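**Q**
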Amino acid sequence: MGTYRNPEEISGKVLDLIRKYNVMELGQVELFFPGERTGVIRAMRRLEKNRQIFRNPYTGLVSSSGFAYSVKDEGTIRALWVLGDMVGRRKVESHFLAQREDFPVRIVFFGSGEIYDILYVGIGDVKLVNGIYGKMRRPEGRHIVVIEDKELMGQIQIPDVVGFCLVRDSGEVEYYRKREKNGI
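Reading the sequence shown from the start, the letters are residues 28 to 211 in my numbering.
(1) Measure the CB-CB distance between G7 and I37 and report whether it falls below 8 angstroms.
(2) What residue range does the beta strand (DSSP E) around R72 cover?
(3) Classify I45 as buried or exposed, calling it buried when 16 or more other Cβ atoms lie within 10 Å of its own Cβ.
(4) Note down, in chain order, each residue of its chain lying with its Cβ closer than 7 angstroms to the Cβ of V153, except the 5 sequence neighbours on either side.
(5) Please state the DSSP three-state secondary structure of S237.
(6) Nearest by alpha-carbon distance to D129: which of G115, E141, R204, V148 is it?
(7) In chain order, which beta strand (DSSP E) runs of at least 3 residues are fully inside the segment 170-196?
(8) So, for A106: in the same chain, excluding its five sequence neighbours on each side, which residues have a beta-carbon less than 7 angstroms away from its beta-carbon?
(9) Using 10 angstroms around the beta-carbon of P131, count the other beta-carbons present and answer buried if the total reaches 16, otherwise exposed.
(10) Does K40 pass the burial test, meaning 16 or more other C-beta atoms within 10 Å, or should it be called exposed?
(11) Have a look at the DSSP bridge pairing and note the partners of D129.
(12) I'd like to know whether the C-beta of P84 is nearer than 8 angstroms to at least one C-beta of chain B.
(13) To the nearest whole angstrom, what separates the beta carbons of V119 and G138, a pair I think is in contact under 8 angstroms?
(14) Going by other Cβ atoms of all chains shown within 10 Å of its Cβ, with 16 needed for buried, is S197 buried or exposed?
(15) Please report the straight-line C-alpha distance between G161 and H170, rounded to a whole angstrom.
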């Protein structure tokens, strides 16, 4: 995103980001502002003091409101780790939270003239997700699939998958590609 020197500008951008995604981990917020860790921490303290954001004392998660914790979604939290990692790897021009109707898509982002979806597929969602994408409901875009377990890669049948990701509890993202049947 660039280097920001104005604390008010950092605070505004941090607040916009948290409002966009409702609930985030502190480490995720920092990923969107490379090289600005100190400024982000100060901005978060200021926003929390002014009651513009809220931090859960038990989980450490920050949210746009006290109510936002009730709508927290683990799949979206994991997808945010992937998006934050992408921000550090390539140019991400714009990103936003997907609508509920776009299930299992959690986040959509644009970069280098391409549209990408970040999907989350849990262990109990494989059959449903395969059924949805079997009907080619969403033919455009490229899909990054966040999985709960590596064993799910062989079971998921989604077209245009760029890769699979496994997100550790620490936020570390591991990337995988499914091998084609001919070994390539």
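Cβ atoms here follow ideal geometry from the backbone N, Cα and C, with glycine treated the same way. On a predicted model such as this, the values are computed, not experimentally measured, just so you know.
**A** According to the data block:
(1) The displayed coordinates of the chain run from 28 to 211. Any statement about residue 7 would go beyond what the structure contains.
(2) R72 -> not in any beta strand (DSSP E); alpha helix (DSSP H) instead, spanning 64-76.
(3) buried
(4) L179, Q182, I183
(5) Outside the modelled stretch of the chain, which goes from 28 to 211, sits residue 237, for which no answer is possible.
(6) V148
(7) 188-194
(8) R133, I134, I145, Y147, V173
(9) buried
(10) buried
(11) D129 pairs with nothing; no bridge assigned.
(12) Given the protein chain composition of this structure (a single chain), no chain B is represented.
(13) 5 angstroms
(14) exposed
(15) When rounded, the separation of the alpha-carbon atoms in G161 and H170 is 14 angstroms.
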